[in-house]
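Let me begin by presenting the structure, written as C-alpha cells, before commenting on it.
Numbering (UniProt numbering), first residue to last: 1 to 135.
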C-alpha cells in the first residue's frame, strides 16, 4: 500500500493482532486511505476508534493525542494477588535495603514471581516509572 510522497512526509503503520488490525497514521487522511486500501483487499469491518489493545486502554484526548492507561490491568493484578484493599505509597520498597542470599531463599515462592511478572508487563507497556522498584 504505497503512499505518495509530497513535501510533507506521510507516515502510516498497520498492526495485526490475531483477527484485529490497528491502523495509525500521521493524519486523518492517511488513516482513512489506509482503511480504504485494506477494505479493498480484505473482507473487513471498521469498528471505529480503538478502545483497548493488548489490555491497554487507549484514551482519545480532546487535543487529538492518545493516552495509554492500564488501570483495569492494575486492578485485576491487585485482585489476583489479594491486594485490592492495599494502601497506595510512593514506592513499595525501601530503596536502601539490601537482600542477602539467605533472604532470597526465603522469598523464592511462586506467587511473588507471578506478581513480579505482572509488574514487569506493566512496566514495559506503560509504566517505565516503576522500573527501579520492579527490577
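Glycine residues also receive a C-beta, built at the ideal position from the N, C-alpha and C atoms. Note that the structure is a prediction, hence the values are computed from the model and not measured.
In this structure, residue 58 and residue 51 form a Cβ contact; the two beta carbons are roughly 6 Å apart against a cut-off of 8 Å. Taken atom to atom, the span from the alpha-carbon of residue 79 to that of residue 71 is near 12 Å. In the DSSP assignment, residue 34 falls within the alpha helix (DSSP H) that extends over 28-41. A Cβ-Cβ separation of about 10 Å leaves residue 133 out of contact with residue 116 under the 8 Å criterion. Beta-bridge annotation (DSSP): residue 67 is paired with 59. Of the residues 16, 19 and 25, the one whose Cα lies closest to the Cα of residue 10 is 25.
Going by DSSP, residue 133 is part of the alpha helix (DSSP H) stretching over 131-134. Of all alpha-carbon atoms in 15, 18, 119 and 19, the one lying nearest the alpha-carbon of residue 73 is that of 119. The Cβ-Cβ distance between residue 53 and residue 22 falls below 8 Å. Distance from the Cα of residue 33 is smallest, within the candidate group 48, 12 and 19, for 12.
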